[in-house]
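Participant: In this note's numbering, the protein residues as written are 37 to 234. From the three backbone atoms N, C-alpha and C, an ideal C-beta is built for every residue, glycine too.
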Amino acid sequence: GGKSWRKNARIIEGDLEADASYEDAVLIVKGNVSGKLDSSAGSVHILGDLRGTLNLTTSASVVIAGSIAPDASLTSPGSLDVFVGGDVHGTIDCGESQFIWIHGDLPGTVKTGSPKISLHVMGDYSGAIQPRDEPALLYVDIRGFAHSASMKAIYRFKYTEFKASVRFSDQPPGFYPKRSIMNLTNNWVIHNQRTSEP
Numbered sequence: 037g038g039k040s041w042r043k044n045a046r047i048i049e050g051d052l053e054a055d056a057s058y059e060d061a062v063l064i065v066k067g068n069v070s071g072k073l074d075s076s077a078g079s080v081h082i083l084g085d086l087r088g089t090l091n092l093t094t095s096a097s098v099v100i101a102g103s104i105a106p107d108a109s110l111t112s113p114g115s116l117d118v119f120v121g122g123d124v125h126g127t128i129d130c131g132e133s134q135f136i137w138i139h140g141d142l143p144g145t146v147k148t149g150s151p152k153i154s155l156h157v158m159g160d161y162s163g164a165i166q167p168r169d170e171p172a173l174l175y176v177d178i179r180g181f182a183h184s185a186s187m188k189a190i191y192r193f194k195y196t197e198f199k200a201s202v203r204f205s206d207q208p209p210g211f212y213p214k215r216s217i218m219n220l221t222n223n224w225v226i227h228n229q230r231t232s233e234p
């Protein structure tokens with residue numbers, strides 16, 4: 037039935053402040069996570085902010101309704117599907133494929149795995165995107181503002197393939213970098229020019 041998942045779920049009412057380790061298939065925290073949380077769950081829902089550390093021992097789907105605070109981190113050796121309802125000030129670190137949707141800004145860090153990473157940022161990007169180990173396939177969609185210098189920093193890692201779409205940047209609309217206009221595997225497009233974040 038519709039409630040059968042509850043048999044394998046651990047539901048924590050309120051904030052989780054102390055260090056903890058859980059092996060349940062589904063983990064739901066109805067508040068903030070402030071300590072170190074180790075989990076082998078395939079599905080983790082945090083209904084507040086991640087203010088501490090979430091260490092996953094396997095591939096997982098993660099929903100964080102709030103933000104990832106500075107110095108906070110989400111790590112996994114496997115693949116990750118992540119939704120963050122707020123901003124990412126801390127770090128998302130994944131060893132394998134990632135699908136990441138950030139509903140706010142990304143001033144923090146995303147360490148990319150392999151073979152493929154898809155990253156959507158609905159707000160502004162001012163952080164760092166870098167490979168955890170070897171560069172792989174990276175696809176980025178930024179709906180807010182990103183400095184051209186930030187995009188060049190990603191480009192310099194020489195991903196196997198890097199494609200990005202940037203809604204607002206400090207350069208005129210077009211494909212970048214200009215000197216590699218014929219490079220079909222590593223480039224980004226700017227749609228609108230703006231001097232800086234509003």
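In whole angstroms, give me the CA-to-CA distance for residue 141 and residue 46.
Facilitator: In the sequence shown, residue 141 corresponds to position 105, counting from 1. In the sequence shown, residue 46 corresponds to position 10, counting from 1. So the alpha carbons of these two residues sit roughly 30 angstroms apart.
Participant: Which partner residues does residue 68 have in the DSSP bridge list?
Facilitator: Taking the sequence shown and counting its residues from 1, the one referred to as residue 68 is at position 32. According to DSSP, residue 68 bridges with nothing at all.
Participant: Taking Cβ to Cβ, would you say residue 161 is nearer than 8 angstroms to residue 186?
Facilitator: Within the sequence shown, the letter at position 125 stands for residue 161. Within the sequence shown, the letter at position 150 stands for residue 186. Between residue 161 and residue 186, the gap from beta carbon to beta carbon is short of 8 angstroms.
Participant: Mind pulling the alpha helix (DSSP H) runs of 4 or more residues that sit fully within the segment 69-111?
Facilitator: none
Participant: Is the CB-CB distance between residue 79 and residue 96 below 8 angstroms?
Facilitator: If you number the sequence shown from 1, residue 79 lands on position 43. If you number the sequence shown from 1, residue 96 lands on position 60. Yes, Cβ-Cβ distance for residue 79 and residue 96 is below 8 angstroms.
Participant: Keeping to the same chain, check which residues put their C-beta closer than 7 angstroms to that of residue 171; ignore five residues upstream and five downstream.
Facilitator: To locate residue 171, count along the sequence shown from 1; it is residue 135. Correct list, in chain order: 193, 194, 195, 196.
Participant: Any chance you could list the alpha helix (DSSP H) runs of at least 4 consecutive residues sitting entirely within the segment 145-207, in chain order?
Facilitator: 184-191
Participant: Need the endpoints of the beta strand (DSSP E) that residue 61 sits in, please.
Facilitator: Your numbering for residue 61 matches position 25 in the sequence shown. It is not in any beta strand (DSSP E) - residue 61 carries neither H nor E in the DSSP assignment.
Participant: Comparing alpha-carbon positions, which option in 76, 56, 181 lies nearest residue 70?
Facilitator: Translated into the one-based positions of the sequence shown, residue 70 becomes position 34. When only C-alpha atoms are compared, the closest one is 56.
Participant: Less than 8 angstroms between the beta carbons of residue 117 and residue 143, yes or no?
Facilitator: As a working note, residue 117 is residue 81 in the sequence shown. As a working note, residue 143 is residue 107 in the sequence shown. Not a contact, by the Cβ cut-off of 8 angstroms.
Participant: Leaving out five residues on either side along the sequence, give the residues of the same chain with a beta carbon under 6 angstroms from the beta carbon of residue 178.
Facilitator: The residue you call residue 178 lines up with position 142 of the sequence shown. Only 157, 161, 202 meet the Cβ criterion.
Participant: Kindly indicate the opening and closing residues of the beta strand (DSSP E) around residue 45.
Facilitator: Along the sequence shown, read from residue 1 onward, the residue named residue 45 stands at position 9. 45-49 is the span of the beta strand (DSSP E), which, as asked, contains residue 45.
Participant: Looking only at its own chain, which residues have a Cβ that is under 6 angstroms from the Cβ of residue 138, when we skip the five neighbours before and after it?
Facilitator: Position 102 of the sequence shown holds residue 138. Result list for residue 138: 120, 124, 157, in chain order.
Participant: Quick one: residues in its chain with C-beta nearer than 6 angstroms to the C-beta of residue 83, no 5 flanking neighbours on either side, listed in chain order?
Facilitator: Position 47 of the sequence shown, counted from the start, is the residue given in the question as residue 83. Excluding positions up to five away in sequence, the list reads 66, 101.
Participant: Can you tell me the Cβ-Cβ gap for residue 126 and residue 159, rounded? I've got them flagged as a contact below 8 angstroms.
Facilitator: Residue 126 sits at position 90 when you count from the first residue of the sequence shown. Residue 159 sits at position 123 when you count from the first residue of the sequence shown. Not confirmed; about 15 angstroms, so no contact.
Participant: Enumerate in chain order the residues of its own chain whose CB-to-CB distance from residue 60 is below 7 angstroms, with the five nearest sequence positions on each side excluded.
Facilitator: In the sequence shown, counting from the first residue as 1, residue 60 sits at position 24. Excluding residues within five positions, the ones whose Cβ falls inside 7 angstroms are 44, 45, 46, 77.
Participant: Within a Cβ cutoff of 6 angstroms, which residues of the same chain sit near residue 98, ignoring the five residues on either side of it in sequence?
Facilitator: Within the sequence shown, the letter at position 62 stands for residue 98. 80, 118.
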